[in-house]
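Q: Mapped onto my numbering, the consecutive letters of the sequence shown carry residue numbers 21 to 414.
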Amino acid sequence: MGIYVLDVYGYPNVHGEGPGHHIVCAGFDKDGDEEFLVALRGPSPNQGVYYYKPIDLSRGLFAKWKVTDDSAARIAVVDFNNNGLLDFATIGYYVPGYYIVENPSINIYYNRFANKNVQDTKELQVTKQNNELLFKVPRPHKALQYEMMPFITIGGITLSLEMIPSNSLRQVDKNTYIKVLSGVIMWIDSSTELSQTVNHSRTFVCKPKTVSSLRICSNENVTTTGNEGILLIVLKMNETMDSISRFDSIQKVTIENVLSEYCSEEVRNLSFQFIRCDEYDWKTEKCKGLEFYNMKGFEIKFVDNDEHLCYIQLWAAAQGTNCEVHNHSNVSSCEVHACIINSTGKGGMMYLINSKEDYDPLTTPNSQFQKLEVSSLYEHGLLWNIDEQKKTVL
Numbered sequence: 021m022g023i024y025v026l027d028v029y030g031y032p033n034v035h036g037e038g039p040g041h042h043i044v045c046a047g048f049d050k051d052g053d054e055e056f057l058v059a060l061r062g063p064s065p066n067q068g069v070y071y072y073k074p075i076d077l078s079r080g081l082f083a084k085w086k087v088t089d090d091s092a093a094r095i096a097v098v099d100f101n102n103n104g105l106l107d108f109a110t111i112g113y114y115v116p117g118y119y120i121v122e123n124p125s126i127n128i129y130y131n132r133f134a135n136k137n138v139q140d141t142k143e144l145q146v147t148k149q150n151n152e153l154l155f156k157v158p159r160p161h162k163a164l165q166y167e168m169m170p171f172i173t174i175g176g177i178t179l180s181l182e183m184i185p186s187n188s189l190r191q192v193d194k195n196t197y198i199k200v201l202s203g204v205i206m207w208i209d210s211s212t213e214l215s216q217t218v219n220h221s222r223t224f225v226c227k228p229k230t231v232s233s234l235r236i237c238s239n240e241n242v243t244t245t246g247n248e249g250i251l252l253i254v255l256k257m258n259e260t261m262d263s264i265s266r267f268d269s270i271q272k273v274t275i276e277n278v279l280s281e282y283c284s285e286e287v288r289n290l291s292f293q294f295i296r297c298d299e300y301d302w303k304t305e306k307c308k309g310l311e312f313y314n315m316k317g318f319e320i321k322f323v324d325n326d327e328h329l330c331y332i333q334l335w336a337a338a339q340g341t342n343c344e345v346h347n348h349s350n351v352s353s354c355e356v357h358a359c360i361i362n363s364t365g366k367g368g369m370m371y372l373i374n375s376k377e378d379y380d381p382l383t384t385p386n387s388q389f390q391k392l393e394v395s396s397l398y399e400h401g402l403l404w405n406i407d408e409q410k411k412t413v414l
């Protein structure tokens, strides 16, 4: 039997008292799984009633809604309006010498949980567009269900598109790595002794010209979402792997389409492969003869209005390959990279130490560049100039 820490609503005081006061379990939405309610006496913010719905019990994943802010000492469950759905009633906490809520009352809450049933249809959709994958996704704060869509495995590391609803919890293990696309995900950091709360968003990247790990380091092995929900890429090592694989040639890198059977046959049959850059129409003279590869990418749009969220593409270089200088002085090229596999441990990025000076490929020596190694499952920060408002200086 697995034991999961879902939330911590304060701790008992010297008298053994705390805000958590009552828990009831019942089948509120008639989906076959029972949900539970947690009564918190107060004071705020640990006051009210929370509704927990299991999403994936094998991983300790629950969706959570706060259904009332009123103090609750006890919860009674009954079908008050005789419509076949369980409702509940609470009584405010009023015990002199312990805790007294202002204006204690008895409240009845009619069941609206059935409207939050997990939908039979998948909210993450994928189609084929120009030999690439196009994902259509809902706004994370509108999602009512947790959903995960694995789509590609590279060298034993699987990339999945994952959506977690608002105010939900997700169980994680030590080999969970993420790249946030939309929303905010939170956890208590276990990588330092300070146990600080981490608020991780798409705009949260490491400091300019440094690197940081994509790994979630949670001291309770749990992450939570706020009101925004979260959409993210999850990178997961195969459970049989003790370490990240190393490859001495691009041709030996294993690549697999792992889209689920509920996806169309057209997208499941799409072949992912690295193609040398000098074979593309957009090739440049610098690409000729280089073992520098690109894999056509994955576009993600919001389903409600086709708003572009992001475009992800994959690059690869043979050991010892210098992919030459690229001009990153315009908005479309202001990009950061997350490394999936660094076989030598020495690969990474190079940037001009002084980007204000003109670059001349014939006269600018290598000594004018700084190397930034990017390890497997790490990302780098901005390599271009920013102003005091942290906006790009072009």
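We put the CB at the ideal spot given by N, CA and C, even for glycine.
Remember, it's a predicted structure, so these values are computed and weren't measured experimentally.
So who's on the other strand from GLN191, going by DSSP bridges?
A: The residue you call residue 191 lines up with position 171 of the sequence shown. Note: GLN191 sits in a beta bridge opposite VAL242.
Q: Verify whether the separation of the beta carbon atoms of VAL273 and GLY175 is less than 8 Å.
A: Taking the sequence shown and counting its residues from 1, one reaches residue 273 at position 253. Taking the sequence shown and counting its residues from 1, one reaches residue 175 at position 155. In this structure, GLY175 lies closer than 8 Å to VAL273 by Cβ.
Q: Taking the Cβ atom as the reference point for each residue, do LEU392 and VAL231 lie within a distance shorter than 8 Å?
A: As a first step, residue 392 must be located in the sequence shown, where it is residue number 372. As a first step, residue 231 must be located in the sequence shown, where it is residue number 211. Closer than 8 Å, so yes.
Q: So VAL287 is in the alpha helix (DSSP H); what residue range does that whole segment cover?
A: Taking the first residue of the sequence shown as 1, we reach residue 287 at position 267. That run of the alpha helix (DSSP H) goes 285-288.
Q: Please confirm whether any heavy atom of the ligand GDP lies closer than 7 Å to the CB of VAL278.
A: Judged by which ligands are present, the structure shown has none, so any question about the ligand GDP falls away.
Q: Between ASP380, THR384 and ILE360, which lies nearest to HIS400 when the distance is taken from Cα to Cα?
A: Numbered from its first residue, the sequence shown carries residue 400 at position 380. The residue with the shortest Cα to Cα distance from HIS400 is ILE360.
Q: Label THR383 either buried or exposed according to how many other C-beta atoms from any shown protein chain fall within 10 Å of its C-beta, with 16 as the threshold for buried.
A: As a first step, residue 383 must be located in the sequence shown, where it is residue number 363. Classification of THR383: exposed, given that the 10 Å Cβ count is below 16.
Q: Just the Cα atoms here: how many angstroms apart are VAL278 and ILE172?
A: The count along the sequence shown starts at 1 and reaches residue 278 at position 258. The count along the sequence shown starts at 1 and reaches residue 172 at position 152. If you take the alpha carbons of VAL278 and ILE172, they lie about 5 Å apart.
Q: Let's test the definition: count the other Cβ atoms within 10 Å of the Cβ of ILE126 and tell me whether it reaches 16, buried, or not, exposed.
A: Taking the sequence shown and counting its residues from 1, the one referred to as residue 126 is at position 106. ILE126 is exposed by the Cβ-count criterion.
Q: With 16 as the cutoff for other CB atoms within 10 Å, does CYS297 come out buried or exposed?
A: Here residue 297 refers to the residue found at position 277 of the sequence shown. The residue is buried, with at least 16 neighbouring Cβ atoms inside 10 Å.
Q: Mapping the DSSP letters down to three states, classify HIS161 as helix, strand or coil.
A: By one-based count along the sequence shown, residue 161 stands at place 141. In the structure shown, HIS161 sits in a helix (DSSP, three-state: H, G or I).
Q: Taking the alpha-carbon positions, what's the ASP107 to ASP209 distance?
A: Sequence index remark: in the sequence shown, residue 107 carries index 87 (1-based). Sequence index remark: in the sequence shown, residue 209 carries index 189 (1-based). Their backbone Cα atoms lie some 38 Å apart in a straight line.
Q: Using 8 Å for Cβ pairs, my map puts ASP90 next to THR110. What's the rounded Cβ distance?
A: As a working mapping, residue 90 is identified with position 70 in the sequence shown. As a working mapping, residue 110 is identified with position 90 in the sequence shown. At roughly 7 Å, the Cβ-Cβ gap stays under 8 Å, so ASP90 and THR110 are in contact.
Q: Please list the terminal residues of the continuous beta strand (DSSP E) segment that includes GLY203.
A: Locating residue 203 in the sequence shown gives position 183, where the first residue counts as 1. Counting along the chain, the beta strand (DSSP E) containing GLY203 begins and ends at 196-208.
Q: By the 10 Å Cβ neighbour count, where 16 or more other Cβ atoms means buried, how is VAL25 classified, buried or exposed?
A: In the sequence shown, counting from the first residue as 1, residue 25 sits at position 5. Exposed is the call here.
Q: Can a CB atom of chain B be found closer than 8 Å to the CB of GLY203?
A: In the structure shown, chain B cannot be found, because there is only a single protein chain.
Q: Taking a contact to mean a Cβ-Cβ separation below 8 Å, would you say TYR197 touches PRO185 in this structure?
A: Position 177 of the sequence shown, counted from the first residue, corresponds to residue 197. Position 165 of the sequence shown, counted from the first residue, corresponds to residue 185. Cβ distance not < 8 Å, so TYR197 and PRO185 don't count as in contact.
Q: Of all the options PHE48, ASP51, ASP49 and ILE95, which has the alpha carbon lying nearest to the alpha carbon of GLY40?
A: Here the question's residue 40 lines up with position 20 in the sequence shown. For the residues PHE48, ASP51, ASP49 and ILE95, the minimum Cα distance to GLY40 belongs to ILE95.
Q: What are the start and end residues of the beta strand (DSSP E) that includes ASN127?
A: As a first step, residue 127 is located in the sequence shown; it is residue number 107 there, counting from the start. ASN127 -> beta strand (DSSP E) spans 126-129.
Q: Run through DSSP, which three-state label would LEU255 get?
A: Position 235 of the sequence shown, counted from the start, is the residue given in the question as residue 255. LEU255 falls in the strand class under three-state DSSP.
Q: So which of VAL394, SER395 and ILE373 has the shortest CA-CA distance to PRO385?
A: In the sequence shown, residue 385 corresponds to position 365, counting from 1. Checked all of VAL394, SER395 and ILE373; the closest Cα to PRO385 is ILE373.
Q: Kindly list the residues whose CB is nearer than 8 Å to the CB of LEU60, restricted to its own chain and excluding five residues on each side of it in sequence; keep chain order.
A: Here residue 60 refers to the residue found at position 40 when the sequence shown is read from its first residue. For LEU60, where only same-chain residues beyond five positions count, the Cβ hits under 8 Å are TYR29, PRO39, GLY40, HIS41, ASN66, GLN67, GLY68, VAL69, TYR70, SER91 and ALA92.
Q: How would you write the range of the beta strand (DSSP E) that ASN219 sits in, first residue to last?
A: Residue 219 sits at position 199 when you count from the first residue of the sequence shown. Looking at the DSSP string, the run of the beta strand (DSSP E) that includes ASN219 is 217-221.
Q: Using the beta-carbon count (16 or more within 10 Å), is THR244 buried or exposed?
A: Indexing the sequence shown from 1 puts residue 244 at position 224. It is buried - the Cβ of THR244 has at least 16 other Cβ atoms within 10 Å.
Q: If you reduce the DSSP assignment to three classes, tell me which class ARG132 lands in.
A: Counted from its first residue, the sequence shown places residue 132 at position 112. Looking at ARG132 - three-state DSSP - the assignment turns out to be coil, as it is neither helix nor strand.
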